[in-house]
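Numbering (this note's numbering), first residue to last: -2 to 363. One structure is given below, encoded as structure tokens.
Okay, here's the thing in structure tokens:
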């Protein structure tokens, strides 16, 4: 079975509401096609391990996820099956780019990588559930003790530095979603002096947010700049009532080691901040491993890949926060995922299969 056939098999399985069937397919394939130790945890994550049995041996994980975002109407049949189409060298379907294609490439590379007859390293495969829900599967696995030393996470990194070239991301941004809560005192709008306008307090907070510095840092010589933006505001109940409550949504793209100083907002009277989501950023902390992955990427393609920074959060953030040295490298290009015409290049899928295998073999030889 080649990477196209395996990708088609995985993409055809609906996994936006329940990842069980997709996990079954991955687990069954690994048991049938490899002699690895395969297991499925209580959360639905699938793992396999080959090579050194000593838990202290250096370990490299090829990491993906088998859940997907809900499909658009054209991507599902009346019977509830996912639509698959191959044209112009691409495979179209929900999850093709994000990220069952990369999972298929990692499965084949995990099986075929030559890490030696008596390797001193362990090669691990992991496919998580709940990545699209904020990394629920990865967090659960980490809490249960999943702790590879190194990981290649197969999220998209193609076309970031040069069109068509698969790069190696050494950092990505996180996301902190917050709600500013402004409280006031309600009264009739004709008696302004008897109330406290929560919208005014909220707009004072908005002005402060606008003046906060964006988080910024440097990872292996690459500048990483986050962002901070007010994206929603909701307050008031009627045209003739001074509002006593107003909420403001803030989207912050965090960077490793730096965040916007939202605590300053809470210094305002009647204003508090609630954190609704906090997806961690990722920074590779081992230049030698980043170079190993880049050299492997260069060896399997004609273009010149580079170390890049991804704007999107991924499970690499959770792994890096737990102590795993990560890079992100995968077939999807920016803008391919989560769309009504989601697709992935079959040539780039085959490239990533070779790339993952090359990383594993170089890791075993180093």
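All C-beta atoms in this analysis are idealised placements derived from N, C-alpha and C, irrespective of residue type, glycine included.
{"Query": "Buried/exposed call for residue 366, threshold 16 Cβ in 10 Å", "Result": "An answer regarding residue 366 cannot be provided, because it is not within the stretch -2 to 363 covered by the chain."}
{"Query": "Spatial distance of residue 175 from residue 247 (CA atoms)", "Result": "5 Å"}
{"Query": "Start-end ranges of the beta strand (DSSP E) lying completely within the stretch 240 to 280, minimum 3 residues", "Result": "242 to 251, 268 to 276"}
{"Query": "Stretch pair the stretch 66 to 86 + the stretch 160 to 177: three plus CB contacts closer than 8 Å", "Result": "no"}
{"Query": "Residue 79, enclosing alpha helix (DSSP H) - first and last residue", "Result": "No alpha helix (DSSP H) contains residue 79, which DSSP labels as neither H nor E."}
{"Query": "DSSP beta-bridge partners of residue 112", "Result": "Looking at the DSSP assignment, residue 112 forms no beta bridge with any residue, so it has no partner."}
{"Query": "Same chain, Cβ closer than 7 Å to residue 312, neighbours up to 5 away in sequence not counted", "Result": "60, 62, 125, 128, 132, 135, 150"}
{"Query": "The stretch 183 to 198 / the stretch 225 to 239 touching (three or more Cβ pairs under 8 Å)", "Result": "yes"}
{"Query": "Residues that residue 196 bridges to, as DSSP identifies them", "Result": "Beta-bridge pairing links residue 196 to no other residue."}
{"Query": "Buried or exposed (CB count within 10 angstroms, at least 16 for buried), residue 154", "Result": "buried"}
{"Query": "Proximity below 8 Å, CB of residue 49 to CB of residue 117", "Result": "yes"}
{"Query": "Boundaries of the alpha helix (DSSP H) in which residue 148 is found, first to last residue", "Result": "Per DSSP, residue 148 belongs to no alpha helix (DSSP H); it is in the beta strand (DSSP E), 147 to 150."}
{"Query": "3 or more residues per run - each beta strand (DSSP E) lying fully within the stretch 121 to 172", "Result": "147 to 150, 165 to 169"}
{"Query": "According to DSSP, residues forming a beta bridge with residue 175", "Result": "247, 272"}
{"Query": "Span of the alpha helix (DSSP H) around residue 20", "Result": "17 to 30"}
{"Query": "Assigned exposure category for residue 130 - 16 Cβ within 10 Å defines buried", "Result": "exposed"}
{"Query": "Chain-order list of residues whose beta-carbon lies under 7 Å from that of residue 106 (same chain, five-residue window excluded)", "Result": "59, 350, 353, 354, 357"}
{"Query": "Beta-ladder partner(s) of residue 224, from DSSP", "Result": "250"}
{"Query": "Closest Cα partner of residue 109 within the set 72, 137, 299, 47", "Result": "47"}
{"Query": "Cβ pair residue 195, residue 181 closer than 8 Å", "Result": "yes"}
{"Query": "Whole-number beta carbon distance between residue 322 and residue 258, since they are thought to touch under 8 Å", "Result": "Actually they are not in contact, since the Cβ atoms of residue 258 and residue 322 sit about 29 Å apart, beyond 8 Å."}
{"Query": "Buried or exposed by the 16-neighbour rule on C-beta atoms within 10 Å, applied to residue 104", "Result": "buried"}
{"Query": "In DSSP terms, what residue 326 is bridged to", "Result": "Paired residue(s): none; residue 326 is not in a bridge."}
{"Query": "Environment of residue 25 [buried if 16+ CB atoms lie within 10 Å]", "Result": "exposed"}
{"Query": "For residue 221, the nearest candidate out of 243, 264, 169 (CA to CA)", "Result": "169"}
{"Query": "Buried versus exposed call for residue 98 [16 or more other C-beta atoms within 10 Å across all chains shown]", "Result": "buried"}
{"Query": "Distance between residue 308 and residue 213 (C-alpha atoms, nearest Å)", "Result": "13 Å"}
{"Query": "Pairwise C-alpha distance: residue 10 and residue 344", "Result": "22 Å"}
{"Query": "Nearest to residue 142 (by Cα), restricted to the options 320, 331, 120, 325", "Result": "320"}
{"Query": "Residue 96 classed as buried or exposed, judged by whether at least 16 other C-beta atoms fall within 10 angstroms", "Result": "buried"}
{"Query": "Test item: CB-CB of residue 171 and residue 251 under 8 Å", "Result": "yes"}
{"Query": "Status (buried if at least 16 other CB within 10 Å, exposed otherwise) for residue 362", "Result": "exposed"}
{"Query": "Straight-line Cα distance separating residue 1 from residue 93", "Result": "10 Å"}
{"Query": "Assigned secondary structure, residue 348 (DSSP; H/G/I helix, E/B strand, else coil)", "Result": "helix"}
{"Query": "Reduced DSSP category for residue 232 - H, G, I as helix; E, B as strand; rest coil", "Result": "strand"}
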